[in-house]
Amino acid sequence: MFVELNNLLNTTPDRAEQGKLTLLCDAKTDGSFLVHHFLSFYLKANCKVCFVALIQSFSHYSIVGQKLGVSLTMARERGQLVFLEGLKSAVDVVFQAQKEPHPLQFLREANAGNLKPLFEFVREALKPVDSGEARWTYPVLLVDDLSVLLSLGMGAVAVLDFIHYCRATVCWELKASILYLMQGNMVVLVHDSGDAEDEENDILLNGLSHQSHLILRAEGLATGFCRDVHGQLRILWRRPSQPAVHRDQSFTYQYKIQDKSVSFFAKGMSPAVL
Amino acid sequence: MAAVATCGSVAASTGSAVATASKSNVTSFQRRGPRASVTNDSGPRLVSIAGTRPSVRNGQLLVSTGLPALDQLLGGGLAVGTVLLIEEDKYNIYSPLLFKYFLAEGIVNGHTLLVASAKEDPANILQELPAPLLDDKCKKEFDEDVYNHKTPESNIKMKIAWRYQLLPKMEIGPVSSSRFGHYYDASKRMPQELIEASNWHGFFLPEKISSTLKVEPCSLTPGYTKLLQFIQNIIYEEGFDGSNPQKKQRNILRIGIQNLGSPLWGDDICCAENGGNSHSLTKFLYVLRGLLRTSLSACIITMPTHLIQNKAIIARVTTLSDVVVGLESFIGSERETNPLYKDYHGLIHIRQIPRLNNLICDESDVKDLAFKLKRKLFTIECITKLRSYDLRRQRYFLSRHLQRKFSIKKNPYFKKPHTLKKIY
Numbered sequence: 001m002f003v004e005l006n007n008l009l010n011t012t013p014d015r016a017e018q019g020k021l022t023l024l025c026d027a028k029t030d031g032s033f034l035v036h037h038f039l040s041f042y043l044k045a046n047c048k049v050c051f052v053a054l055i056q057s058f059s060h061y062s063i064v065g066q067k068l069g070v071s072l073t074m075a076r077e078r079g080q081l082v083f084l085e086g087l088k089s090a091v092d093v094v095f096q097a098q099k100e101p102h103p104l105q106f107l108r109e110a111n112a113g114n115l116k117p118l119f120e121f122v123r124e125a126l127k128p129v130d131s132g133e134a135r136w137t138y139p140v141l142l143v144d145d146l147s148v149l150l151s152l153g154m155g156a157v158a159v160l161d162f163i164h165y166c167r168a169t170v171c172w173e174l175k176a177s178i179l180y181l182m183q184g185n186m187v188v189l190v191h192d193s194g195d196a197e198d199e200e201n202d203i204l205l206n207g208l209s210h211q212s213h214l215i216l217r218a219e220g221l222a223t224g225f226c227r228d229v230h231g232q233l234r235i236l237w238r239r240p241s242q243p244a245v246h247r248d249q250s251f252t253y254q255y256k257i258q259d260k261s262v263s264f265f266a267k268g269m270s271p272a273v274l
Numbered sequence: 001m002a003a004v005a006t007c008g009s010v011a012a013s014t015g016s017a018v019a020t021a022s023k024s025n026v027t028s029f030q031r032r033g034p035r036a037s038v039t040n041d042s043g044p045r046l047v048s049i050a051g052t053r054p055s056v057r058n059g060q061l062l063v064s065t066g067l068p069a070l071d072q073l074l075g076g077g078l079a080v081g082t083v084l085l086i087e088e089d090k091y092n093i094y095s096p097l098l099f100k101y102f103l104a105e106g107i108v109n110g111h112t113l114l115v116a117s118a119k120e121d122p123a124n125i126l127q128e129l130p131a132p133l134l135d136d137k138c139k140k141e142f143d144e145d146v147y148n149h150k151t152p153e154s155n156i157k158m159k160i161a162w163r164y165q166l167l168p169k170m171e172i173g174p175v176s177s178s179r180f181g182h183y184y185d186a187s188k189r190m191p192q193e194l195i196e197a198s199n200w201h202g203f204f205l206p207e208k209i210s211s212t213l214k215v216e217p218c219s220l221t222p223g224y225t226k227l228l229q230f231i232q233n234i235i236y237e238e239g240f241d242g243s244n245p246q247k248k249q250r251n252i253l254r255i256g257i258q259n260l261g262s263p264l265w266g267d268d269i270c271c272a273e274n275g276g277n278s279h280s281l282t283k284f285l286y287v288l289r290g291l292l293r294t295s296l297s298a299c300i301i302t303m304p305t306h307l308i309q310n311k312a313i314i315a316r317v318t319t320l321s322d323v324v325v326g327l328e329s330f331i332g333s334e335r336e337t338n339p340l341y342k343d344y345h346g347l348i349h350i351r352q353i354p355r356l357n358n359l360i361c362d363e364s365d366v367k368d369l370a371f372k373l374k375r376k377l378f379t380i381e382c383i384t385k386l387r388s389y390d391l392r393r394q395r396y397f398l399s400r401h402l403q404r405k406f407s408i409k410k411n412p413y414f415k416k417p418h419t420l421k422k423i424y
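Chains as they are written, first to last, in our numbering: chain P, 1 to 274; chain G, 1 to 424.
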C-alpha cells in the first residue's frame, strides 16, 4: 500500500471504513497501481480478500505485492486470499468441458445472460467460516477490470446486476449464529474509454459512479506525456447521509509512480518543476 | 553486452540474481517466480534459452522483435508471454515487413514458429523472409568492417551543430554480432537451408476450415476457434507450457497471426458497425492471452484497425493486448508532400507498453518516431532532429536555430533594399 495515498484518503489498515464500494477508474492511463494499493492494504488489514483477477496472471500481482510488502502466496495458503485467475480459468473452460459450473462459464455459451456462476463463486469464497473464532476482520471483494467482462460478451446490465448482487452479499451480510453485521468492502476497476464511444462501458461506469462511496479516477495529463508527472488522481467522496457541506468532497492530485511507491503532490508542484 | 541486474530485494522466499553476461555471451540467470508458471516448484530455476535475455528492470525474459530499434523502444525487447499488436498501415505495405522480421528472428535463433494466415499459405510467407545480415561464416570479416566504421562516428566533435551530439543515439546500422537482435537485409531472401532446418507449423485457414476437427461449442467464429485449438495443441504437444518436464532443451514458440480481424477470418467487424460477432475478436484475444501467459511463447498479430468500424472495439483490443504499435504510412496522404517528412516513409506510434511484474514500465521519452525502408534496412528514427530534454537548458527549435546559424532568408523582400544599395 502507498502510505501517501493512505494519508490522502485519511485511512489506515486498522481503521478503514466498512461497507463501502470503491470505484477505480482510469482514463488514458494505466490505473492498475491503485489495484495493487488496495490489495496490499486489505491484506495488511487482516481481511478476507476475494480477488477476481481477469486481466493479469497471479505471478504479476504476487511480484508487485512483494515490493509493497505482502506475500500473496502465503496469504493464499493460509486462506486469507481467494484468487480467481481469469486467464488460466478461461483456458480451462474453453478447451475442456467442465462438469461443475465454472465461474467463467459464460465463455462457452453463445448468449450468456448473466454472471450467476461468478457470483456463486464470490459468495462461496467470502462465506464466513463457522469456526467460532473470527480470524479475519471483514470480507473484501476486489475485481480487476470489469471492462474485460464487457469485452467477453456480457452486457453492461448483466455486469451491473452482478455488482448489485455482490454488494448485497458482501456489504451487508448477516452472520446467522452470532448476530452482528459483517460489512465488507468492494473495490472494482473500470476503464474509461473517453473518446472511443463505448456505450456499454459508459453505462457501466455511470451506473457504478452513482452507487459507489469513493471514486478514484486516474487520468493522463491533458497536455500529454511527461516523464516526471505520470498522471492526475481525482478523489471523490460520495456521502449521501452527511450534511451538504461534507457530502461530495473532491480533491485532485498529480502523481509520479516509482519502483515501490507512488508520490503525490498538488497540481503543478512536481519536484521536477520546482 | 553485459547485463547486470538484481531483481527484487525481498529475502523471504526465493532470492535471485542475474549473473553477469560475459563477452562470449552465454547468458544464464536465475529467474524468480517465472512468468510462465511452467513448473510447480517455487524455487529459482536456471534458464538459458537461445535468443532471449533478461530484462534489466526486473529480470523478465525478453525476446527480440527482429528490429533492434524497436526493441530499444519497447524497453529491451518483447516479454515472453505477451502479445505484440501491430496496427496495420493503410495499404498493408510495411506491417508484413515487421511480421516477417519477427519470424526471421525466430529462425535465426532456432525458435519454433507458428504462422497463421487466412490470406497466404504460411509456406509462402516463410519463403519471403529477409536474409539475416550477419552470417556466422563471414562474421569475422564483418566484424572488421564494423570496427572500422563504428568508432569514427562517435568520436566526431561537432563544431557548428554541436547540439546534435546530445541526441540519443539510436542504432541505425549493423553492430557487431550479438545473440539478441539481428539485422536483416530486406532485399535478399532467407537461405533455404535455414528455413528447412527450422521447426515451424503453419495454419492456413482455407485448408483448416474444411477439415473436420472436433469443434468445441464456443461463441467464437469458427476460424478463431480452430486457430485457438491449433495453438493450444502445439503448445501442449511440444511442451511449451511445461507439461513435459523431461524435455531438457527448452525453447520459445513464436506465434505470428496475420490480418487478424479481417473479413478473411470470417469476422465482420471490418464490414459492419454492430455485427453479430462483435465479441468474437476480443474473446479470442483474451483466451490467447491466457494461453500465452502460461507458456514460453511470444506472439505478433497484425490487425487492420483502420478498417474496424466500431471504435469501441479498437479500445478493447488495445486493453487486451500488451504491446501496441501503430504504423502510419505516408502513401496517399497529404503528408507525402510535407517537407518535414520527405526522408521517411511513415510514422510509427508506440501506443501501449505493458507494466508487467512492476508498477512502472520503460516508456521511451521519444514520442515522434518515423520509419523508412532503405534498400536494405528498415530504420526507425526520431523525427524531431533537435531537442533538449533538460528543463534547465534552453530549447532550440529547428527552423529558428538554422536561420540564425546559416542565415536562411526568411523574407526576401526585406533583403532587397540592402542588395540594391550594394550595387550602387
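Quick reminder that beta carbons are idealized off the backbone N, C-alpha and C, glycines included. Fair warning: this is a prediction, and the values are worked out from it, not measured in the lab.
Listed along the chain, the chain G residues whose CB falls inside 9 Å of the CB of P/Gly31 amount to none; the nearest CB is some 11 Å away.
Going by beta carbons, P/Ala156 and P/Asn114 fall outside the 7 Å limit. For P/Ala16, not one C-beta of chain G is nearer than 7 Å to its own C-beta. When C-beta distances to chain G are compared with 7 Å, the residues of the stretch 47-71 of chain P below that value are Ser57, Ser59, His60, Ser62, Ile63, Val64, Gln66 and Ser71, in chain order. For G/Met303, the enclosing beta strand (DSSP E) begins and ends at Ser297 to Met303.
Chain G places no beta carbon closer than 7 Å to that of P/Val187, leaving this residue out of the contacts. Taking the C-beta atoms as reference points, P/Leu107 is found nearer than 7 Å to P/Val93. In the DSSP assignment, P/Cys25 falls within the unbroken beta strand (DSSP E) covering Leu21 to Ala27. In the structure shown, the three-state DSSP call for G/Asp241 is coil. Every alpha helix (DSSP H) of 4 residues or more that sits fully in the stretch 129-213 of chain P is shown, in chain order, as 147-151, 156-170 and 199-211. Your pair P/Val49 and P/Val140 checks out as a contact, with CB atoms roughly 5 Å apart and the cut at 8 Å. Look at P/Leu216 here: in three-state DSSP terms it is strand. Ranked by Cα distance from P/Asp198, the first of G/Lys311, G/Gln229, G/Asn92 and G/Gly242 is G/Lys311. The three-state secondary structure of G/Glu273, taken from DSSP, is coil.
Contact of G/Ile350 with chain P is not assigned, every C-beta pair being separated by 7 Å or more.
The residues Ala50 and Gly51, in chain order, have a CB closer than 7 Å to that of G/Asn109 in the same chain once the five nearest residues on each side in sequence are set aside. When C-beta distances to chain P are compared with 7 Å, the residues of the stretch 353-378 of chain G below that value are Arg355, Leu356, Asn357, Asn358, Leu359, Ile360, Asp365 and Lys367, in chain order.
Beta-bridge analysis with DSSP links P/Lys48 to P/Pro139.
By the rule that beta-carbons nearer than 7 Å mark a contact, P/Phe83 does not touch chain G. For P/His230, the three-state secondary structure derived from DSSP is coil.
Separation of the CB atoms of P/Gly79 and P/Leu72 is rounded to 13 Å, and the pair is thereby denied contact status at 8 Å. P/Phe95 carries a helical assignment under DSSP once its states are collapsed to helix, strand and coil.
Annotation for P/Ile257: no alpha helix (DSSP H) segment contains it, though the beta strand (DSSP E) segment containing it runs Asp248 to Ile257.
Beta-carbon to beta-carbon, G/Val80 and G/Leu296 are separated by about 6 Å, close enough to satisfy the 8 Å threshold.
The Cβ of G/His279 sits closer than 7 Å to at least one Cβ of chain P.
Contact check between the stretch 257-267 of chain G and the stretch 220-234 of chain G: three or more CB pairs, one atom from each, fall below 8 Å, which counts as touching.
Shown here, G/Phe180 sits in coil according to DSSP, grouped into three states, outside any helix or strand.
Residues of the stretch 216-230 of chain P with a C-beta atom less than 7 Å from some C-beta of chain G are Phe225 and Arg227, listed in chain order. Exclusion of the five residues before and after P/Arg217 leaves Cys25 and Arg234 as the residues of its chain whose Cβ lies within less than 6 Å of its Cβ.
Closest in alpha carbon position to G/Gly256, among G/Trp200, G/Gln309 and G/Ser333, is G/Trp200.
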